[in-house]
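Residue numbers (the numbering used here): 9 to 563. C-beta: ideal position from N, C-alpha, C; glycine also.
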C-alpha cells in the first residue's frame, strides 16, 4: 500500500508538502508487510501459470474463479442427473441475483411496476380506492333471447295472411281452396306450466316441493341394524322376541286394507313398545329401499341381528319331563358375543315329534334362498336345532329371513367353526351322524351295508327312535368334503328311480326335506317291512348287472 506522508518541520504549522518550495518533493512509502504479501501472490501465480501469464481485468478474473469453482462442483457430482440439478440451481440463483429469472406468483401480485395484481382494476374495485365507484355503475342489460315468443308468432301469422306481391297482387291458391285457418289461441290448461322471463325464453317451471315428503335416506338406529320385511317374518320377530326391536314401518296408502294380520302386528308392536311409523303412498320408495326392492307386503321391521351361539360339539341328553333337551359344549366367544348370544349350554327341544333329538347341520350352504328354505322345512317337520358352518356359509340376512317365512325366529340356530371336530366329538358323545351323499353303486353299498344306507333303510329302522341323530348336508356345487364325510358315522342317499335323465342331483333344500321326512316318519309295521326288504334285495341283485357308478356330486 502506497501513501503520501505529511512531513512537518518544527516551528511550522502546516506540512512541508503544502509549502510552495520547489526544492521539496513528495516522498512515497509502502508497508513492508503488504509488499511481502503481494510478492508472495505473484510468485504463486508464476509457479501455477508460468512467466508468460497476462494480467486480466478484475471482473474477468472473478468470472474465471467462479467457473473454476463451478467446474469443481460438477466434477464432484456423482452422475449426470446430479450435475443437471446443480446447474439448474446455479442458474436459478444467478437469475435471482440479476433479476431476470421467473417471478413467483406472490412477487408478481405485489409488483408495483406492472398493471396486474394489486394495481389491477379488478383489485382496486373490490378492495382498493375504487371500491365505492362500482355502486354508481349501471348493471349490465341482459340481451334479448333468440327464441321466438308467442306474440312474435302471432304477428308473423297475421302478416302472412295479408302478404302481397311486389306488383300489388295478393297471393292465391291455384286450386281455389280456402286457406287453412290457424288457431293461434294458447290453451294454457292443456300445456305444462311454464313461466316467461324478461328475456323471452321459455323454461319449465320449478317442480313443486312437497314439504311432507319423507327423505329417501334410510336412518339406522345402530350400525348392525337389520330390516326384516314381510308379514310372516315381522309377525314372528315380534312374537318370539329374540331380537332388539327398534322401529316398525307400515304402509298406509289409500288402497291399504285393514286386515286381522295388520291389527295383530300393531298390537304386538304396542305390547313390545316398538315405535310405529305409517308410511304414506308417495313415500313407498323408502320401504322399497329398506327391503332392497323385494316384496315387503307393507311391513318393515328394524331389529338387531339374531343371537347365534358358537357350539363346539353336542353333548348328553336330558329326558326329564320338566327338562327335555340336550347339552352342548360352547366354542370360543368374546365378551361382546357372550353378552349378545348368551352362554347357556342347554338347548330345549321344541316338540316331541321324535323319540330322540334330531339336529340338522349345514356345511357351506351359500345361497340365502336355499338356507332359508331348509330352515323353513326343518321347522315344519319338527327338527330341534340347525347348525351352520361359520366359514363359507350364507349369513342370516333379511333375504334368508324372507325365504324362511319367519321360521328362523322360533328355531334354535348355532354356528360351528370346525365341522370335522364337531361331528367327531358329537359321535363320541353318543350322537349318530348321517352325511347326505349321491346314490352309490349297489355293489359298494352291499359291501358297506352298515354304513351306506338309503332313505328306505332309514324309514325301516327309524334310527332317531334309538339315538340322537345329526343330518349333514353340503354345498350346492361340490357337496361335502371328504374329511367331513369321513367324520360321519353313516352315509345316506336318496334313491334315483329315473336312470336315463340329464338331472344327476337334487337341490339341497329339496334333499333336506326328503331326508328329514324319512327320519321323522313313523316306522312301518313288521310285515310290511319284511316285504319291502325282500323287494329291496331283489332290486339290488337285478341292479348289479346294469348299475353304473354315479358321480361324486353332493347335495
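Check                                                                                                                                                       : Outcome
Pick out whichever of 372, 387 and 377 has its Cα sitting closest to the Cα of residue 359.                                                                 : 387
Name the one or two DSSP bridge partners that residue 325 has.                                                                                              : 334
Is it a yes or a no for the stretch 240-251 touching the stretch 267-286, going by three-plus beta-carbon pairs under 8 Å?                                  : yes
On the three-state DSSP scale, how would you describe residue 390?                                                                                          : coil
According to DSSP, is residue 483 part of a helix, a strand, or is it coil?                                                                                 : strand
List the residues that DSSP assigns as beta-bridge partners of residue 501.                                                                                 : 462
If we count the other Cβ atoms within 10 Å of its Cβ and call it buried at 16 or more, is residue 195 buried or exposed?                                    : For residue 195, the predicted model reports a pLDDT of 48, less than 50, meaning its position is unreliable; a value from the coordinates is still stated below. Label assigned to residue 195: exposed.
Kindly indicate which residue of 436, 48, 241 and 364 has the alpha-carbon position closest to the one of residue 409.                                      : 241
Fully enclosed by the stretch 219-278, which alpha helix (DSSP H) runs are 4 residues long or longer?                                                       : 239-248
When we look at the beta-carbon of residue 477 and count the other beta-carbons within 10 Å, is it buried (16 or more) or exposed?                          : buried
Which ranges would you report for the beta strand (DSSP E) in the stretch 105-134 if only whole runs of at least 3 residues count?                          : none
Below 8 Å on the Cβ atoms is my contact criterion, and I expect residue 373 with residue 391 to pass it. Report the Cβ-Cβ distance as a whole number of Å.  : About 15 Å; that fails the 8 Å criterion.
Taking only the alpha-carbon atoms, compute the straight-line gap between residue 294 and residue 287 and give it to the nearest angstrom.                  : 8 Å
Please state whether DSSP places residue 491 in a helix, a strand or coil.                                                                                  : helix
Which one of 274, 333 and 257 has the shortest CA to CA distance from residue 420?                                                                          : 333
Is residue 382 near residue 226, with beta carbons less than 8 Å apart?                                                                                     : no
Do you know offhand how far residue 431's Cα is from residue 503's?                                                                                         : 25 Å
Can you give the beta carbon distance from residue 350 to residue 315, rounded, assuming they're within the 8 Å contact cut?                                : 6 Å
In terms of residues, what are the limits of the alpha helix (DSSP H) holding residue 413?                                                                  : Counting along the chain, residue 413 falls outside any alpha helix (DSSP H), and DSSP gives it neither H nor E.
Across the stretch 265-274 and the stretch 228-236, are there enough close Cβ pairs to call them in contact, namely three or more that are closer than 8 Å? : no
Report buried or exposed for residue 130, applying the criterion of at least 16 other Cβ atoms within 10 angstroms of its Cβ.                               : exposed
Is there contact between the stretch 432-441 and the stretch 496-510, where contact requires at least three CB pairs shorter than 8 Å?                      : yes
Can you give me the start and stop residues for the beta strand (DSSP E) that residue 440 sits inside?                                                      : 440-444
From the DSSP output, in three-state form, read off residue 528 for me.                                                                                     : helix
Measure the beta-carbon distance from residue 422 to residue 317 and round it to whole angstroms, keeping in mind my assumption that it falls under 8 Å.    : 5 Å
By a C-beta neighbour count over all protein chains shown, 10 Å radius and 16 as the cutoff for buried, is residue 291 buried or exposed?                   : buried
When burial is assigned at 16 or more other CB atoms within 10 Å of the CB, is residue 480 buried or exposed?                                               : buried
Taking the straight line between their C-alpha atoms, what separation do you get for residue 101 and residue 112?                                           : 14 Å
Tell me whether the beta-carbon of residue 411 lies closer than 8 Å to the beta-carbon of residue 380.                                                      : yes
Taking the alpha carbon of residue 325 as the reference point, which residue from 475, 97, 510 and 84 has its own alpha carbon closest?                     : 475
Does the distance from the C-beta atom of residue 389 to that of residue 500 stay below 8 Å?                                                                : no
Are residue 355 and residue 393 closer than 8 Å when you measure CB to CB?                                                                                  : yes
With the cut-off set at 8 Å, would you say residue 126 and residue 118 are in Cβ contact?                                                                   : yes
Return helix, strand or coil for residue 511, following the three-state DSSP convention.                                                                    : coil
Quick one: residues in its chain with C-beta nearer than 8 Å to the C-beta of residue 398, no 5 flanking neighbours on either side, listed in chain order?  : 318, 423, 424 and 425
Counting only the same chain and skipping the five closest in sequence on each side, list residues whose C-beta sits under 6 Å from that of residue 473.    : 363
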